[in-house]
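Residue numbers (my numbering), protein chains in the order written: chain A, 1 to 334; chain B, 1 to 444.
Heads up, the beta-carbon is just placed ideally off N, CA and C, and yes, glycines get one too.
The block underneath contains the structure these notes are about, expressed in structure tokens.
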């Protein structure tokens, strides 16, 4: 049952990055698009995420619940040493969700719309940035459980060049997912052209940020290259990710909606796979050389069993309903 | 303010706001579904407009409740890591099920809000009902987790170790039923009276009267039925607390001396230094009767409890009095309204009755917050009743007070915006939702 729970944890993080990430990306794309396109982008994005955005963010809750029920030591270590970036990420989540809902449900359309839009787009940027920082901190051996001063314990644990570059990389990935997804949401050739341009730009930014991640990892002494291409599985994942990127460009040019979505999703899953599997089962690498691992630092087996059953039962209810929701509102074109 | 107090204040405030958003998100879907049902059965477009108007409210409150709930799932760890490290695996079961309920609620809400004209109309109606049912399920599960803190179960606590964990037994602890029942009814009372009061206010203003009258009737009827059931549930809760947490009961009642024929204390100012309560009205034997169903049975007083194990008496006592007082007032209003309704009295649409409902707008929520204060403050100094002290659970990170200021600012601005949005919704009823209004625009 432990492995089922771990699989659910990985799957929910993965789905959060894909679906929640595309969701954040909707705000990021709106933020960077030219003022004359902004209204179009906003409408396309709204049609795309309106009915499903709440559900997209449930994956984060599922992941967090799995952590605190199944792996309490990992959850509390993160809560204590990542307190500040977690709070900043939460600020983003709060501001973003409410601004998005308020923008749509305000009965009067006036200058408040601009306020909601500013809050929505800025917080769409902040949230994945700190999500990336937190993810980076778990593997960079910067969490110092023996630190005695405030800065080393609660700030330098996450604030470093590697974390910042992973943060930007996450933002770029979100923008890229959203732009690719949005292409299929409009039938207008001009809008499609604009979105394809945006998607390419985000891919370029993501590649550049990816480069920055490797450079900063190297300079901070994090053996990232070795982790990712050190064995066959990693090499395979990197190869597949690169190939799917090439194929994605073809799909974008041909405007084949299904393929571009599948390839973009697949590519991000491969990146996540390459980034996580070498650490498995360790989830947090500590500064003192210790590791918090999923197989050693879990709660009692009775709790894991109950959690596993709750997740399995939950999926029986959730997944069909979720698929039907996505199916029913697919290509919500106007 | 020290960090411990800041952490407690931040948690109290976050829950205090979330509880309001969550209760509205739990109850409004039912009002919406009732109105939707009437529309589907009668074809009266007024009810279609009302359903849409209320569903906007549901969407606003669901979004706010969802983000404040997400925040709470992190705050538990951010503020109380030691608690979560030990409690997580034990009381996690309701949380993992709640994740499912919450997820289903979000999916169903997506179907409902965007489903007009897309699906079979009864399927569409059913998705609205599912929003409400999964909301209630979420509420019950979260309260079951809180009940575990009051009534720890499902583990053996041996030499500081938490052994033989049984998550199912933890979920079905002794307090879950009485607490969940009381909470769900409270949600209906508070939201029902608030919604009814707002529509009563609009009726007094005399615009879109048939629209607001339809809305008022649905909300008022639900609120009144719940308000009459609530004292029964309160009695179950009181007897339960008397059995499991006699110290909390003593603090609620500012009851210092262990004695038979224990009096029920109304009002008064507890003096915690001298272990006495001044200027109180005492009704002999009533507390014994309420706690144990027998006027002669003794009720434990606070003097039997070491000072370091006593909760803050004054806060608990005042909050309890406030809850009971407001609950009685609302129950009285419910009796008047239901009597008028059954006997078809002409004063049912009189201005004085509507004014009473307007006055009642905040009462349910104040009572609800007071009740929450009773159960949380009354559990102190324990975070897990008689197992872990709250002070031992707090995060080692200094500077929580700034986090408290930050979250206070967030919640206050969030509430102001929500009130502003509701004000605008109500102002636009004629144009957006009431098809009988001359200004109504079909597709604005």
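Where the beta strand (DSSP E) through residue i begins and ends
i: residue 394 of chain B; result: Where residue 394 of chain B is concerned, there is no enclosing beta strand (DSSP E), given that its DSSP letter is neither H nor E.
i: residue 293 of chain A; result: 291-293
i: residue 282 of chain A; result: 282-285
i: residue 162 of chain B; result: 161-163
With 16 other Cβ atoms within 10 Å as the buried cut-off, status of residue i
i: residue 29 of chain A; result: buried
i: residue 70 of chain A; result: buried
i: residue 333 of chain A; result: Per-residue confidence for residue 333 of chain A stands at a pLDDT of 43, beneath the threshold of 50, marking its modelled position as unreliable; the derived number appears in the next sentence. That one is exposed.
i: residue 81 of chain A; result: buried
i: residue 308 of chain B; result: exposed
i: residue 444 of chain B; result: Confidence at residue 444 of chain B is low in this model, with a pLDDT of 46, below 50, so its placement is unreliable and no value can be given for it.
i: residue 107 of chain B; result: buried
i: residue 278 of chain A; result: buried
i: residue 327 of chain A; result: exposed
i: residue 352 of chain B; result: exposed
i: residue 118 of chain A; result: exposed
i: residue 150 of chain A; result: exposed
i: residue 71 of chain B; result: buried
i: residue 51 of chain A; result: buried
DSSP-derived helix/strand/coil call for residue i
i: residue 259 of chain B; result: strand
i: residue 270 of chain B; result: strand
i: residue 116 of chain B; result: coil
i: residue 155 of chain B; result: coil
i: residue 333 of chain A; result: Because the pLDDT of residue 333 of chain A is 43, which lies under 50, any placement of that residue in the model is unreliable, and the number read from its coordinates should be weighed accordingly. In this structure, residue 333 of chain A counts as coil in the three-state DSSP scheme.
i: residue 265 of chain B; result: strand
i: residue 281 of chain B; result: strand
i: residue 104 of chain A; result: helix
i: residue 365 of chain B; result: helix
i: residue 3 of chain A; result: helix
i: residue 444 of chain B; result: Low local confidence applies: a pLDDT of 46 at residue 444 of chain B is under 50, so the model's placement there is unreliable, and no value is given.
i: residue 401 of chain B; result: helix
i: residue 184 of chain B; result: helix
i: residue 305 of chain B; result: coil
i: residue 52 of chain A; result: coil
i: residue 299 of chain B; result: strand
i: residue 222 of chain A; result: coil
i: residue 447 of chain B; result: The displayed coordinates of chain B run from 1 to 444. Any statement about residue 447 of chain B would go beyond what the structure contains.
i: residue 276 of chain B; result: strand
For residue j and residue i, believed in contact at Cβ under 8 Å, the rounded distance
i: residue 162 of chain A; j: residue 48 of chain A; result: Rounded, the Cβ-Cβ distance is 33 Å, inconsistent with contact.
i: residue 127 of chain A; j: residue 96 of chain A; result: 6 Å
i: residue 125 of chain A; j: residue 171 of chain A; result: 6 Å
i: residue 356 of chain B; j: residue 210 of chain B; result: Wrong, their Cβ atoms sit about 21 Å apart, outside the cutoff.
i: residue 65 of chain A; j: residue 96 of chain B; result: 5 Å
i: residue 53 of chain B; j: residue 433 of chain B; result: 4 Å
i: residue 354 of chain B; j: residue 181 of chain B; result: Incorrect: roughly 30 Å between the Cβ atoms, too far for contact.
i: residue 94 of chain B; j: residue 141 of chain B; result: 4 Å
i: residue 22 of chain B; j: residue 77 of chain B; result: Contact flag wrong, Cβ pair sits at about 20 Å.
Residue i - containing alpha helix (DSSP H), residue span
i: residue 267 of chain A; result: 257-276
i: residue 333 of chain B; result: 313-342
i: residue 125 of chain B; result: 121-150
i: residue 113 of chain A; result: 112-139
i: residue 384 of chain B; result: Not the alpha helix (DSSP H): residue 384 of chain B falls in the beta strand (DSSP E), residues 382-384.
i: residue 322 of chain A; result: 301-328
i: residue 350 of chain B; result: First-last for residue 350 of chain B: undefined, no H or E at that position.
i: residue 253 of chain A; result: 232-254
i: residue 66 of chain A; result: 58-70
i: residue 246 of chain B; result: 246-252
i: residue 40 of chain B; result: 3-42
i: residue 384 of chain A; result: The requested residue 384 of chain A is not part of the displayed model; chain A covers only 1 to 334.
i: residue 310 of chain B; result: Run containing residue 310 of chain B: none; DSSP gives neither H nor E here.
Selected residue, minimal CA-CA separation from residue i, among the options
i: residue 88 of chain A; options: A:109, A:134, A:57, A:115; result: A:134
i: residue 288 of chain A; options: A:167, A:140, A:52, A:18; result: A:140
i: residue 130 of chain A; options: A:260, A:155, A:8, A:297; result: A:155
i: residue 62 of chain B; options: B:88, B:85, B:135, B:114; result: B:135
i: residue 244 of chain A; options: A:225, A:253, A:264, A:226; result: A:264
i: residue 283 of chain A; options: A:36, A:225, A:73, A:266; result: A:73
i: residue 143 of chain B; options: B:115, B:178, B:320; result: B:178
i: residue 226 of chain B; options: B:334, B:329, B:322; result: B:334
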